[in-house]
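There are 2 protein chains.
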Amino acid sequence: MIDREFFLGFVKIHILYHAIKEPIYGVEIMRELARHGYDLSPGTLYPTLHRMERDGYLVSRREVVEGKARKYYRATDVGVRMLEQSKKQIMELVREVVDEK
Amino acid sequence: MIDREFFLGFVKIHILYHAIKEPIYGVEIMRELARHGYDLSPGTLYPTLHRMERDGYLVSRREVVEGKARKYYRATDVGVRMLEQSKKQIMELVREVVDEK
DNA sequence: GGATATAATATCGCAAAACGATATCGGGCA
DNA sequence: TGCCCGATATCGTTTTGCGATATTATATCC
């Protein structure tokens, strides 16, 4: 994947965004992120999800779907606010480095 | 500062951008970043600059200005290409999470 | 010309995150 | 019960992040 040092924050914002729209689980997120060019290994993704839950951005619940135990994450209010702030920072970045004022 | 885990990549992109426009030095970058809400300590900034140079995004040269030894950084071709890719990723992120398609 | 002031950069030491690889879990079904 | 398989978790090591502190280099003043 494209240099993680620059883009791992993007990945976390993607995760937040999807976890607000609907409950998501690990493997599904990995596929979704891969669609955007972010190929994370489980050794990166799962600890990231755990941290985001520990820090209050996400909450999880177990669920069995088609005989498989999944862990669905959804965003908390804190997570929603974090995404709002992220959007502001993104647009600030766009104005500065993309828009070539 | 606003949760670094999400935004440290933004900081690096800012640095690249400025180092393309003109040579920049540490303290100046810190002030510039502070303008955007990113308050880094030198213990974070300088190792970051060193890494970006080690990884080929920046090159530095010493210079004495008004009796003070500064280390000016400017972006390499690799750095320029990295910023181009960053812009693409930024706009991709905007389409996904900001534009609310 | 040695001491001092000051802007600027560098490092230290610890804690936390990142990561690929590997292991483990848990439910259905033969 | 044993096995398969989607899915999650952990292990061990390297790298990064960070505040605090130290060091460097130049000019100025006595």
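Just so you know, the sequences run in chain order P and Y.
Its first residue numbered 66, the first sequence is counted upward by one per residue in my numbering.
Its first residue numbered 66, the second sequence is counted upward by one per residue in my numbering.
For each residue, glycine too, the CB sits at the ideal point set by N, CA and C.
- The C-beta distance from Ile155/P to Ile94/Y rounds to 21 Å, too long to meet the 8 Å contact threshold.
- When Cβ-Cβ separations below 9 Å define contact, Ile89/Y makes no contact with chain P.
- With respect to the C-alpha of Ser151/Y, the residue from Glu149/P, Val163/P, Arg146/P, Tyr122/P having the closest C-alpha is Val163/P.
- Contact between Phe71/P and Gly121/Y does not hold, since their C-beta atoms are separated by about 14 Å, which reaches or exceeds 8 Å.
- Cβ-Cβ distances below 8 Å link Ile85/Y to Arg139, Ala140, Gly144, Val145, Leu148 in the same chain, with the five nearest sequence neighbours on each side left out; the list follows chain order.
- Between Gly108/Y and the set Val159/Y, Gly91/Y, Glu161/Y, the nearest pair of CA atoms involves Gly91/Y.
- Residue-level contact check: Ser151/P touches chain Y, since one or more beta carbons of chain Y fall below 9 Å from its beta carbon.
- Contact residues of the segment 128-161 of chain P toward chain Y are Met147, Leu148, Gln150, Ser151, Lys152, Gln154, Ile155, Met156, Glu157, Leu158, Val159, Glu161 (C-beta to C-beta distance below 9 Å).
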